[in-house]
Every structure is written in structure tokens, then in C-alpha cells.
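Protein chains in written order, with my numbering: chain U, 4 to 354; chain D, 144 to 409.
Everything below concerns the one structure shown next.
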């Protein structure tokens with residue numbers, strides 16, 4: 004057994020290559036236990052490879068990865084005993100009932116017959132699967148299948164639950180179901196590492212986020228940290244005449260010196276700015292001079308989409324360590340700050 | 144309804160990983176449950192092999208000359224011995240599907256031995272092959288096969304046991320094919336190659352009737368001694384099992400660990 008103080012994930016120069024493809028490229032990451040960590044990134048960033056490496060399904064090509072104090076390279080069986088994996092596909096046997104699937108997985112985690120039945124029942128209660136537990140999984144809806152899959156990863160009471168894009172392909176109702184289920188687990192004390200490319204999912208579930216791109220950690224911290232660091236402010240406006248959108252965007256870019264985004268449907272134009280109210284005032288003056296009529300204009304906090312776009316763009320053009328955020332990992336200063344924030348505000352600190 | 148808060152508090156943590164036997168049993172039980180609960184699988188296993196046997200007996204049989212003995216007595220022992228080469232493709236496809244659909248990932252993420260995953264799969268599919276063999280033997284008797292060997296029923300049972308052994312041996316081979324293929328279509332295609340191997344052997348026709356350049360291959364590839372061993376037990380007065388047993392042991396010893404190794408590779 005490991006001590007509870009071991010880090011959830013400790014990666015040093017973690018590199019995974021498949022032939023000529025480099026999926027993880029010297030990833031550094033240090034995440035303390037006792038939290039929900041979201042790994043964000045575009046498709047192909049290396050999220051799934053990271054999860055599969057943590058789950059010991061993929062061997063690192065080089066570098067080191069420790070999961071709750073055990074090295075994946077030479078202590079794989081201990082790592083497997085500590086984790087539960089729910090991958091991108093619902094890995095349940097369709098010809099077996101929900102209960103049979105759970106009991107099978109519980110036995111494979113090491114439970115005796117009676118304990119396996121008890122664990123299955125507990126998970127059925129917890130994930131609200133009582134009504135469908137005796138039905139074959141082939142009759143389940145997508146959301147029910149994912150919840151069962153989630154349940155199967157839980158029957159061994161893992162210390163770390165790995166969720167790889169847990170809601171990809173689900174309708175909004177089913178996503179809510181899965182989110183609620185994850186929240187209840189977290190409230191019960193399970194640590195979670197989830198990957199997602201839905202920013203709202205990270206927003207809903209995670210204490211900490213790591214953004215990875217091209218196989219490296221580009222930035223990490225709490226959601227608030229991330230928003231604040233990129234964040235400054237966003238000038239956001241809607242023009243009256245759609246034809247004037249391009250001209251308005253040019254004005255905005257002149258003032259803020261950052262690229263503006265145009266949403267043609269809603270006639271909205273926005274850009275991240277560093278000057279806040281001053282630049283807002285300057286923008287209004289310039290718009291007035293060029294006679295562009297504006298329906299509304301204001302300052303707001305950036306959305307996660309904008310954070311994400313800014314960070315992944317900067318990682319390709321410049322060294323990650325030049326980013327406004329801390330590079331690679333929640334280590335050192337960030338760790339102390341964020342863990343204290345978590346312990347003082349409970350496990351899921353969320354507005 | 145109030146949300147239930149639990150996880151580690153209610154679900155106890157197991158004392159340790161399961162034993163090899165428990166893990167193998169659970170892996171095998173899932174495969175067998177799927178088989179039993181999918182009528183398309185268990186019904187087709189028998190219907191398909193019966194149809195092929197029927198075709199060989201009544202369509203091709205008249206044109207094939209097997210010397211003194213009737214073709215049905217030549218055909219049935221060989222057909223049953225190599226039945227797994229038809230039926231085993233299902234193992235390759237299922238193994239490839241498990242991988243593609245994430246089920247294998249789930250198994251690999253659990254604290255169980257890779258050998259248990261491979262052994263459980265091979266044993267379970269051996270049971271399903273046994274089912275197909277039993278059905279086909281019954282059908283063989285129905286279309287006129289009779290024991291003519293000197294050893295009578297005892298040798299008959301020994302021949303059946305040998306067929307079951309081949310079932311186990313080639314299930315391991317098909318599991319490896321499924322792991323190498325990585326998708327169901329490729330697994331299906333590669334399984335056809337194993338099936339064709341049965342044609343270049345003494346299974347359906349005497350090797351002596353093949354062109355001279357083909358005879359060495361047909362004579363020395365493993366299927367021919369395996370088929371000949373069964374045939375010798377059932378319909379002739381002599382029996383030669385050594386080569387068949389050596390081949391069976393060798394294939395099993397290579398392919399079962401190879402399957403576990405391929406599972407480990409992930």
C-alpha cells in the first residue's frame with residue numbers, strides 16, 4: 004500500500020511513441036491527490052494516450068510516470084489495483100445484465116462472491132441503475148451504458164478513477180446523468196482524472212485543469228487561475244449592420260493588438276484585451292469616428308474556449324514556458340496554492 | 144429522492160487481486176454467457192458445419208475416390224478433426240471485436256494476469272468448439288458414418304478426444320490471429336487462410352490424388368498427421384498418434400503464451 008500523501012500523477016519527461024508518431028512528447032505533470040483533474044486538449048493532443056499510459060495499457064517509450072506512488076513501468080499490477088478505467092467506449096458485455104457485468108468486474112478486481120454482489124448493489128444504488136439492473140445491456144440507452152461502464156470501473160473502489168471523454172457522443176440529457184454520477188463519486192472521496200474536449204465539462208466537474216497540446220502540458224492550474232492568466236478581459240460587441248462586422252473587427256484589432264473573432268450569425272465580434280476599460284473607451288471612440296453603429300459593447304471575462312484557443316495557439320508559436328501561465332505541471336507554487344484552496348473549500352469548489 | 148453519497152465508504156476495497164483461477168473463470172464465463180445467449184452463435188455453429196459436411200458427402204463425395212472404404216467413412220473423421228478450422232474464425236473475430244470495442248482495455252486495466260485473459264478466452268472458445276464438434280459427430284452418424292476401426296468404441300472415444308484436443312490447439316491459434324488482426328474484417332480474412340490449410344491436407348481427399356509437387360506440402364503440414372491419426376483410430380486397424388500429439392503440443396505451447404504476450408502489448 005502507498006501512503007495517502009503520494010501524488011495522484013507524477014510525470015517526468017513522459018514520452019510515448021507509436022512508430023513515427025509521437026503521442027506524448029516529454030510531458031511533465033505533477034498533480035496532488037484529493038481532487039478532480041481535467042485534462043483538456045484538442046483532438047490528437049495526447050489525452051487518450053496519457054490515460055492509457057496511466058492505466059498501464061501503453062508502455063512509456065521514455066521518461067517516468069508514477070500513479071499514486073507506483074511506477075507504471077515496473078509496478079503495473081499495483082497501479083491496476085489502484086485505478087478504475089472508463090474508456091471512450093462503454094466496455095460492457097451487451098448479452099449480460101447490468102448486475103452481471105458489475106459482479107463480473109468486481110470479481111476481477113479481487114472481490115469474493117459475496118463482496119462482489121454487495122459492491123454491484125452499492126454501485127447500482129449509487130448510479131441510479133436499479134430499474135435497468137436486471138436487463139441485458141443491449142437494451143440500454145447510451146447514457147445508461149456509460150453509467151454502467153462508470154459503475155464497472157468503480158466496483159473495486161479504486162483510488163483513482165480514469166474517465167476518457169466520458170460524455171463524448173451523448174445527448175445533453177445523458178451528459179447531465181453522467182456528470183451527476185461523477186459528482187456523487189467525487190463527493191464520496193474518489194479522485195478523478197478525466198479527459199475532455201468540452202470546456203463546459205471541465206467547468207462542471209474539475210478542480211484543476213491541465214491543458215495539453217502536441218503531447219506536452221501547455222498550462223495547468225485551477226480554472227480561475229487559467230482564466231485569470233490568459234484572461235485579462237474580452238471586449239465583446241454586436242454591430243447593427245452585419246456588413247460592418249469586418250470593419251469593426253479591424254478597429255478592435257487595432258486597439259487591442261490581438262486577433263478578433265467574428266461570429267457572423269450573431270453579428271458579434273470579440274477580442275482579448277490587456278487594457279480593460281481604457282481600451283474599451285478607445286474602441287468606442289474609434290467606432291464612433293468610423294461611423295459603425297453598435298448595438299451593444301462591453302467588457303467580460305474570457306470563456307474557457309478563449310482560454311483554450313489562446314493557450315494552444317501560444318504553445319505552437321512559442322516555448323510553453325513563455326506562456327503567461329505556469330508551464331507544465333501544478334508543481335511547486337501552484338500546488339501549494341491550489342491544494343490549500345481545495346481543502347478549505349471542500350472537494351468540489353464550484354460556484 | 145436524496146442523492147446517495149457513497150463510493151469507498153460502501154464499496155469495500157478488495158483485499159488483493161483475484162487468483163489466476165478466479166480471473167480465468169470470470170473471463171471464460173463471460174464468453175460462454177455471450178455464446179449461450181446469442182442463438183445466432185450456437186445454432187449457426189452446428190448448422191453451418193452440418194451444411195458443409197452435407198455438401199462434401201453428397202455433392203463432392205461421388206467424384207472422390209478413397210479406395211476400399213466408403214467416402215463417408217473417409218470424410219467424417221477428417222471433417223470433425225478439422226472442424227475447428229471452420230469454426231475457429233469466430234474466436235479471431237470476437238477477440239478482434241473485444242479489442243476494437245474497448246472490452247479488452249477494461250480487462251487489461253484490471254489487476255489480473257494477462258495469461259488469465261488469454262487462457263479464459265481460449266478455454267471458453269474450446270467449449271463452444273466442443274459444442275460444434277458434438278453436433279457434427281451426431282450429424283455424421285446420421286448421414287451414414289460408422290466406426291470400422293479395430294479398437295471399436297474405445298478408439299472411437301479416443302478419436303473424439305483427439306478432435307477436441309485439436310479444437311483447443313487451434314482456438315489458441317485463432318486467438319492469436321484475432322490479436323494480430325486488430326479488426327473484425329481482417330480477423331475474418333486471416334482466418335480463411337487457416338481454413339484453406341485444411342484443403343491442402345488429407346482431410347477431404349487422399350494426398351496421393353494431388354499433383355506430385357503439392358504432395359510433400361500436403362503430407363508434412365500439421366493438419367495431415369492430425370487427420371490421419373483420427374482416421375486411423377476410427378476406421379482402420381493401425382493407429383499412429385505420435386506425430387499428431389507432438390504437433391498439438393508444440394502449437395499449444397507456442398500460441399497460448401503468444402496470446403498472453405500479445406494481450407500484454409496492448
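For glycine and all other residues, C-beta sits at the position ideal for the given N, C-alpha and C.
Worksheet item: How would you list, in chain order, the residues of chain D whose beta-carbon sits under 7 angstroms from the beta-carbon of residue 127 of chain U?
Response: Under the 7 angstroms cutoff, chain D gives no residues; its nearest Cβ is about 10 angstroms from residue 127 of chain U.
Worksheet item: If you draw a straight line from the alpha carbon of residue 56 of chain U to that of residue 284 of chain U, how long is it in whole angstroms?
Response: 50 angstroms
Practice prompt. Consult DSSP for residue 91 of chain U and reduce its assignment to one of helix, strand or coil.
Written response: coil
Worksheet item: If you follow the alpha helix (DSSP H) that residue 31 of chain U is part of, which residue opens it and which one closes it?
Response: No alpha helix (DSSP H) contains residue 31 of chain U, which is instead part of the beta strand (DSSP E) from 24-34.
Practice prompt. Say whether the segment 296-312 of chain D touches the segment 196-205 of chain D, bearing in mind that this needs 3 or more beta-carbon pairs closer than 8 angstroms, one atom from each stretch.
Written response: The answer is no - the segment 196-205 of chain D does not touch the segment 296-312 of chain D, with fewer than three Cβ pairs under 8 angstroms.
Practice prompt. Go through its chain and collect everything with a Cβ distance to residue 367 of chain D's Cβ below 7 angstroms, but skip five positions before and after it.
Written response: 344, 345, 350, 361
Worksheet entry | Cβ distance (whole Å) where residue 63 of chain U is taken to contact residue 48 of chain U below 8 angstroms | The pair is not a contact, with the Cβ atoms about 17 angstroms apart (cut-off 8 angstroms).
Worksheet entry | Own chain, CB closer than 6 angstroms to residue 267 of chain D, minus 5 neighbours either side, in chain order | Counting only Cβ-Cβ distances below 6 angstroms, and skipping sequence neighbours, we find 171, 174, 175.
Discussion item. Going by beta-carbon coordinates alone, are residue 200 of chain U and residue 43 of chain U separated by less than 8 angstroms?
Written reply: Yes, the pair counts as a contact, with Cβ atoms nearer than the cut-off.
Practice prompt. Taking C-beta pairs closer than 9 angstroms, name the residues in chain D that residue 38 of chain U reaches, listed in chain order.
Written response: Neighbours of residue 38 of chain U on chain D: none; closest Cβ ~15 angstroms, over 9 angstroms.
Practice prompt. Check whether the Cβ atoms of residue 159 of chain D and residue 113 of chain U sit closer than 8 angstroms, and answer yes or no.
Written response: Residue 159 of chain D places its beta carbon less than 8 angstroms from that of residue 113 of chain U.
Discussion item. Does the segment 161-177 of chain U come into contact with the segment 187-203 of chain U, if we say contact requires no fewer than three beta-carbon pairs (one atom in each stretch) closer than 8 angstroms?
Written reply: yes
Worksheet entry | Sequence-distant residues of its chain with Cβ nearer than 6 angstroms to residue 167 of chain D (five each side left out) | 259, 262, 263
Worksheet entry | Segment contact, 8 angstroms Cβ cut-off, at least three pairs: the segment 275-295 of chain D with the segment 329-342 of chain D | no
Worksheet item: Using 8 angstroms as the limit for Cβ to Cβ distance, is residue 181 of chain D near chain U?
Response: Using a Cβ-Cβ cut-off of 8 angstroms, residue 181 of chain D counts as an interface residue toward chain U, since at least one Cβ of chain U sits closer than that to its own.
Worksheet item: Who are the Cβ neighbours of residue 370 of chain D in its own chain at under 8 angstroms, not counting the five residues just before and after it?
Response: Cβ-Cβ distances below 8 angstroms link residue 370 of chain D to 220, 221, 224, 225, 344, 345, 346 in the same chain, with the five nearest sequence neighbours on each side left out; the list follows chain order.
Fill in: residue 136 of chain U classed as buried or exposed, judged by whether at least 16 other C-beta atoms fall within 10 angstroms
buried
Worksheet entry | Runs of alpha helix (DSSP H) wholly within the segment 327-364 of chain D (minimum 4 residues, chain order) | 327-342, 358-363
Fill in: Residue(s) in a DSSP beta bridge with residue 219 of chain U
U:216
Worksheet entry | Every unbroken beta strand (DSSP E) inside the segment 100-174 of chain U [3 residues or more] | Whole beta strand (DSSP E) segments, 3+ residues: 163-167.
Item to complete: Can you tell me which of the three DSSP states residue 83 of chain U falls into?
Response: Shown here, residue 83 of chain U sits in a helix according to DSSP, grouped into three states.
Fill in: Cβ-based burial, residue 58 of chain U [other Cβ within 10 Å; buried from 16]
Buried is the call here.
Worksheet entry | Reference residue 184 of chain U; option with closest CA among U:213, U:162, U:150 | U:150
Worksheet item: Using the beta-carbon count (16 or more within 10 Å), is residue 272 of chain D buried or exposed?
Response: With 16 or more Cβ atoms within 10 Å of its Cβ, residue 272 of chain D is classed as buried.
Worksheet item: Going by alpha carbons, who is nearest to residue 61 of chain U out of U:19, U:89, U:29?
Response: Looking at the Cα atoms, U:19 is the closest of the given residues.
Fill in: the segment 176-194 of chain U contacting the segment 92-110 of chain U, beta-carbon criterion three pairs below 8 angstroms
no
Worksheet item: For residue 263 of chain D and chain U, any beta-carbon pair shorter than 8 angstroms?
Response: no
Practice prompt. Compare the C-alpha of residue 227 of chain U against each of U:37, U:287, U:304 and name the closest.
Written response: U:304
Practice prompt. Starting from the beta carbon of residue 158 of chain U, find every residue of chain D whose beta carbon is closer than 7 angstroms, and list them in chain order.
Written response: 154
Item to complete: Identify, in the order they occur along the chain, each residue of the same chain with its Cβ nearer than 7 angstroms to the Cβ of residue 15 of chain U, setting aside the five sequence neighbours on each side.
Response: 31, 66, 67
Discussion item. Checking 8 angstroms against the spacing of the C-beta atoms, do residue 292 of chain D and residue 386 of chain D come in under that value?
Written reply: Using a Cβ distance threshold of 8 angstroms, residue 292 of chain D and residue 386 of chain D do not count as a contacting pair.
Worksheet item: Can you tell me whether residue 176 of chain U is buried or exposed, with buried defined as 16 or more other CB within 10 angstroms of its CB?
Response: So residue 176 of chain U counts as exposed.
Worksheet item: Between the C-alpha atoms of residue 12 of chain U and residue 405 of chain D, what's the straight-line distance to the nearest angstrom?
Response: One C-alpha to the other measures close to 27 angstroms.
Worksheet entry | C-alpha gap between residue 390 of chain D and residue 26 of chain U, whole angstroms | 42 angstroms
Fill in: Close beta carbons around residue 399 of chain D, own chain, < 6 angstroms, minus the five adjacent residues each side
The residues are 315.
Practice prompt. May I ask you to list, following chain order, the residues of the segment 226-253 of chain D that have a beta carbon less than 7 angstroms from some beta carbon of chain U?
Written response: Closer than 7 angstroms at the C-beta level to chain U, one finds these residues of the segment 226-253 of chain D: 244, 245, 246, 248, 249, 251, 252, 253.
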